[in-house]
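Chains as they are written, first to last, in the working numbering: chain V, 3 to 641; chain U, 3 to 641.
Here a beta-carbon is modelled for each residue, glycine too, at the ideal position from N, C-alpha and C.
If you're wondering where the values come from, they're calculated on a predicted model, not measured in any experiment.
There are 2 protein chains.
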Amino acid sequence: MKTILVLLLLIPAAFAQPVLDTSKSPSAVLHGVPVSAVKVGDGFWSPRRKATVETSLPTLLVLFEENGIIDNFRRVSGRKDVPRRGPVYTDSDVYKWLEAIGFALQSGDAPAGLRKSAEAVIDDIAASQDKNGYINTSFMGDKVAQRHTAMRGNHELYCLGHLLQAGIAWQRGTGDRKLLDVGVRMVEYLIRDFGPGKKPIFEGHPEIELSLIELYRSSGDRRYLELAKYFLEGDPRNVDKVRPQDLVYLNTVIPFTSRTQLEGHAVRSMYACSGATDYYMETGDKKYQAVLEKLWADLGTKMYLTGGVGSRAQGEAFGESYELPNRAAYTESCAAIGNMFWNWRLLQATGDGKFMEVFERALYNGANSGMSLGGNLYCYRNPLELIGDPKDKIRNPWYNTTCCPPNLQRILMSLPGYFYSTSKDGLWVHLYDNNSMKWKLEDGTAVELNQVTKYPWEGRVELTVAASGTFTLHLRKPVWSHNAKVTVAGATVTPAVEKGYLSIRRAWKPGDKVVVEFDMTPRLTASNPLVRDNIGKLAIERGPLVYTMEGLDQPAGTALFDWRIDARNPFRPEWQNGMLGGVVTLKHAALRPSKPHAERPLYGEVLKTPMVRGEIMLIPYYAFQNREPTAMQVWIPYR
Amino acid sequence: MKTILVLLLLIPAAFAQPVLDTSKSPSAVLHGVPVSAVKVGDGFWSPRRKATVETSLPTLLVLFEENGIIDNFRRVSGRKDVPRRGPVYTDSDVYKWLEAIGFALQSGDAPAGLRKSAEAVIDDIAASQDKNGYINTSFMGDKVAQRHTAMRGNHELYCLGHLLQAGIAWQRGTGDRKLLDVGVRMVEYLIRDFGPGKKPIFEGHPEIELSLIELYRSSGDRRYLELAKYFLEGDPRNVDKVRPQDLVYLNTVIPFTSRTQLEGHAVRSMYACSGATDYYMETGDKKYQAVLEKLWADLGTKMYLTGGVGSRAQGEAFGESYELPNRAAYTESCAAIGNMFWNWRLLQATGDGKFMEVFERALYNGANSGMSLGGNLYCYRNPLELIGDPKDKIRNPWYNTTCCPPNLQRILMSLPGYFYSTSKDGLWVHLYDNNSMKWKLEDGTAVELNQVTKYPWEGRVELTVAASGTFTLHLRKPVWSHNAKVTVAGATVTPAVEKGYLSIRRAWKPGDKVVVEFDMTPRLTASNPLVRDNIGKLAIERGPLVYTMEGLDQPAGTALFDWRIDARNPFRPEWQNGMLGGVVTLKHAALRPSKPHAERPLYGEVLKTPMVRGEIMLIPYYAFQNREPTAMQVWIPYR
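Written as structure tokens, this is what we have:
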């Protein structure tokens, strides 16, 4: 018991908070480990997190200032000389940026200068709040009368949701409630005037429900859960105010439980599913569980190999089942992140590794691709094919709708909080990378765990446990790894695999070492032929990484789309230290026609084409378009 | 000589006019044969033309009335109680409908009632004209000040172009100049106020240049050609008034000869190319010739197998080269028709059959598909793949933008004018169907030609020539027909094939019979792999017809997209009298997985899938979705 007490004293309460505090959630099987409890060492994620702290976060503030996004707050509190700039929802981008810094403070990775800048922004935000608690820079001054009028597009509750999440992360990172209190005051303002028996209201973009439930978790105040329920159930008084197509697009207004498929705006849909899963964890409501299961099955017909979702540019929306065009893929970074949020919640609710498969897929690929290696350019879209037109700027420093950059920041800065969970019977390891974890089991036993690995470049992971007691160590075994060789304290073991996790139950002794070796053989992945775009093509994956071909890596003078894989030939992994920040590339003896396709007619009779061989190279998808513009393909024709 | 005189007397001048009067065009190799000179008999096209006359034309007038489109004219001349209805360009739809009736009158296929209805509409149109010559129902009364202001979108010159074409067709069909004179008055109004040294003007949608050049051809008034030139060259004073992206979208404002690829709005592009080809035929301008050749080569990377063009819904636009998605294909009926217009003009300019290949492809497939077999439903889009969602109404009786229905009508009613041309050395046969032609060669020799054929269902065409004299009969030999067995007066001959035409030069005697037998073996067509959507798929064609699979024709309980062609197995043609108005279907022993794709995961390792066999059936593409909604695919996966 002494050890535990000491440990708990070392971690101040303000810091000892996971990304999602499901510790008291009745229908959560897993419970988070604090961001502060995990130190991520040098490895795969450290350069991404470093780029976020050193480049992405500070430069985004500069861009916020350049574009008047912080001034939007200042003008409310006095700087009358500036116009309001940017779309109606810019406040939310600032909040997400603050949330990311809140996480960086939790993990101790935020430099003091960044904290100081953030505090100044928080002061500007707080000063912009109305006396009655309302806060939103788009509806102040002469726009006050428009509050809660055009609810479909005004994003007032969406902004509030991000304010609350930022406030919670900031408070957990610093102990300072200033930002959170700003949000809570607007929540109280809402509860005063809106809801059942009061004025009807709806959110035009799901988000507030997630934040209200986390606020409920951290405060214990059930009114916040009730308000989240109000949004999730929808107020029947609102239905006639919205066009039928918007009921699909918005993913709000009508009861979440009336949904039968993933449709409409992809980010809205993913956030709605996340909020509904939060609600399920707090209530155990079986109706929600059934709908969530149905929707997740539908995700299995609508997700790109990269974990990205939302096929259509029009309405930034889900397509039909199997509508997954590669070149036209919209796959907004925020939607891949929303997919991670949802699957993380489902994992916490169930302990089923199938959700972590999706999370890892999106994390390493379709979300990770969203920020350039330098940390200063962002993808809004993350397509799986590009023709290499220099005009198609896929990575940009700034978007008028700049939702994706701070969303990527908060994912990367909160990442330590996604490595582990605890459950009644022990500790769960979800992600592999060099890190050390110091926390406690649910019975109070102190536990430390240290990972040494070159994952995802290599399959070997050494985990050193420092704990005394009998518990189960649940090590995630990705489905893509056909086998996993495990030794515990030097002895080969063959643990049972339960829902995607190797269960190693034993009386642990400090210093016990578990070594897992995952199978990193490159895999030829086929697509269901119902995805019409992928017929006749294969993708290559290795470990959690989806690979892609970029034109500039291929033999000189050849056209990217002329190449086809020879499925009988191997893909040879090769560590390239100086390339793209260090990556394992894959080399392959491929085929191309002796006469380029571009010199052949558009249509013709089926003819045997003479082929020549050559060595092609693939890089991890997340690193695409980090050099000069070039053609790119994830799904490659094959023979 | 007597025979000729008699013949010419039998055909009043008003009727003796081809679709395009290139008889005096210095740079036209071919010259049209009048619509009135060709009687289309019972065959492939007769039911389509019958549906147009009996159903499509009369019901469209009813819909025009229901939607206030004719009232738009009436309100200008007095019926002040009705509001103007529909988009800004509705006048043009009425003009195209009148043009179709004008062609029907030329061929003698318009019932008296239809002519009477049309005359009443013409009276309403004429009554709406301003004293100064201006006519456009969108810019009368309180909208007068907006004339020629928002030129990008106002379609004033586009409507005028269609008015002129309608006026010309009506005059050629009836001898009555009333409608044409309305148009000419507006042209004179334009010439008075606009052009070099006067006020600048531009067209927001190419169309007027085609009509001005035809007006020049029929009147000999060079000012009309000069005005067409002004629009084709663009007035530099306009360039700054248009956003850069609109210079692409509009296909106007900047010189036509500055274009380097097919881009922007597909219908605008095809009309611009048509007008430019008209201009080339009148002037021989080499700059135009070079640009047209370049653009036509580009068409060879941007055309669907059906002859449809315009891949993108966004901007109804051409995509990049090889961007030809099947399900998302926009392929507006009007764009396929525009493609026909352009290629017909290129054919007249050059006598090169490669243009007729494109024309025939679009005619039988991507344009023909645009009107239902019943003649009362129309496609705006003509995609090459459908998932069969009953909500996706691909055929509709009415569109708010109802450009396609009357465009289909005018193509079908003018069709007799596309069968033949003359040149200095003889007669050209472009299309095959039962018909009899009575016209004269360019040296004045009277010639009659009678076709007996079941084309495109069968490959045999019997042509009986009634003429005395030595000339060349140019019979089109489609590229898809590997060989063409020809007998002349019972003797087998092997005529030279020049630019896609069998050249049969001889001293013809009345009653000489030419029999051609084209190869109608079903063809497996491959796509250039640069069309990413078609990789791993094949299409089936027979004669000029593209075939497609519809779900409801396949073995019960099977899913359309589960089927794949077995490329080693034949496709068996079978005449089905009672089906879809009578079609040749193709039957084929195909393969499908024993476990439906829908029951398999989205992604997985490459595995051998057990397959089972079954008989599938294909129908001609043009007849798609004429029964209940069902899935459809032109490009079919294969083994």
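Using a Cβ cut-off of 9 Å, pull out every chain V residue sitting near residue i, in sequence order please.
i: K610 of chain U; result: By Cβ distance, chain V contributes nothing, its closest Cβ being about 11 Å from K610 of chain U, past 9 Å.
i: S529 of chain U; result: L604, Y605, G606
i: F563 of chain U; result: Y324, P531, L532, R534
What's the call for residue i, buried or exposed, on a 16-neighbour Cβ count within 10 Å?
i: D73 of chain V; result: buried
i: D83 of chain U; result: exposed
i: N341 of chain V; result: buried
i: E576 of chain V; result: exposed
i: P327 of chain V; result: buried
i: T472 of chain U; result: exposed
i: S221 of chain U; result: exposed
i: A330 of chain V; result: buried
i: T262 of chain U; result: exposed
i: R347 of chain U; result: buried
i: L11 of chain U; result: A caution first: L11 of chain U carries a pLDDT of 41, below 50, which makes its placement in the model unreliable, though a value can still be read off. With fewer than 16 other Cβ atoms within 10 Å, it is exposed.
i: S276 of chain U; result: buried
i: L7 of chain V; result: Residue confidence for L7 of chain V is low, a pLDDT of 41 falling below 50, so the modelled location carries little weight; the figure read from the coordinates is stated next. Exposed.
i: N253 of chain U; result: buried
i: L62 of chain U; result: buried
Is residue i close to chain B? Criterion is C-beta to C-beta, closer than 8 Å.
i: M305 of chain U; result: This model lacks chain B altogether, as its protein chains are V and U.
Hey, how far is the Cα of residue i from the Cα of residue j?
i: R179 of chain V; j: G169 of chain V; result: 7 Å
i: E265 of chain V; j: F320 of chain V; result: 5 Å
i: Q173 of chain V; j: V123 of chain V; result: 15 Å
i: K442 of chain V; j: K479 of chain V; result: 23 Å
i: R580 of chain U; j: F626 of chain U; result: Just to set this straight, residue 580 of chain U is Gly in the shown sequence, not Arg. For G580 of chain U and F626 of chain U, the distance between alpha carbons rounds to 16 Å.
i: N398 of chain U; j: R383 of chain U; result: 11 Å
i: D535 of chain U; j: D535 of chain V; result: 5 Å
i: K356 of chain U; j: A337 of chain V; result: 48 Å
i: V495 of chain U; j: A486 of chain U; result: 10 Å
i: S483 of chain V; j: Q411 of chain V; result: 29 Å
i: A16 of chain V; j: F105 of chain V; result: Legend: pLDDT at A16 of chain V = 43, less than 50; position of this residue unreliable, no value from coordinates given.
i: G419 of chain U; j: I339 of chain U; result: 15 Å
i: Q316 of chain U; j: V311 of chain V; result: 21 Å
i: A152 of chain U; j: D242 of chain U; result: 14 Å
Who are the neighbours of residue i on chain V, taking C-beta pairs under 8 Å?
i: P385 of chain U; result: Chain V residues near P385 of chain U: none, gap ~12 Å exceeds 8 Å.
i: I567 of chain U; result: The contacting residues do not exist; I567 of chain U stays about 11 Å from chain V at best.
i: A330 of chain U; result: P327, A330
i: G538 of chain U; result: I537, G538, K539, P639
One question on the structure: do residue i and residue j come within less than 8 Å of each other, judged by their Cβ atoms?
i: I193 of chain V; j: H150 of chain V; result: no
i: R462 of chain V; j: V499 of chain V; result: no
i: N530 of chain V; j: L604 of chain U; result: yes
i: I506 of chain V; j: L475 of chain V; result: yes
Residues of chain V with a CB under 7 Å from the CB of residue i: which are they?
i: H599 of chain U; result: N530, P531, L532
List, in order along the chain, the chain U residues whose C-beta lies closer than 7 Å to that of residue i?
i: I389 of chain V; result: E322
Applying a beta-carbon distance threshold of less than 8 Å, which residues of chain U neighbour residue i?
i: G302 of chain V; result: P603, L604
i: R525 of chain V; result: E607
Across the segment 151-165 of chain V and the segment 85-97 of chain V, are there enough close Cβ pairs to call them in contact, namely three or more that are closer than 8 Å? yes
Are the segment 248-266 of chain V and the segment 281-293 of chain V touching by the rule of at least three beta carbon pairs closer than 8 Å? yes
May I ask you to verify whether the segment 360-370 of chain U touches the segment 543-557 of chain U, counting CB pairs closer than 8 Å and requiring at least 3? yes
Determine contact between the segment 582-590 of chain V and the segment 610-621 of chain V, defined as no fewer than three beta-carbon pairs at a distance below 8 Å. yes
Flag this pair as touching only if the segment 341-358 of chain U and the segment 22-30 of chain U have three or more C-beta atom pairs under 8 Å; answer yes or no. yes
Any chance the segment 36-50 of chain U sits against the segment 61-79 of chain U, with 3 or more Cβ pairs inside 8 Å? With the cut-off at 8 Å, the segment 36-50 of chain U and the segment 61-79 of chain U do not touch.
Could you say if the segment 239-254 of chain V and the segment 289-303 of chain V meet the contact criterion of at least three C-beta pairs nearer than 8 Å? no
I'd like to know if the segment 130-137 of chain U and the segment 181-193 of chain U are in contact, where contact means that at least 3 CB-CB pairs between them fall below 8 Å. yes
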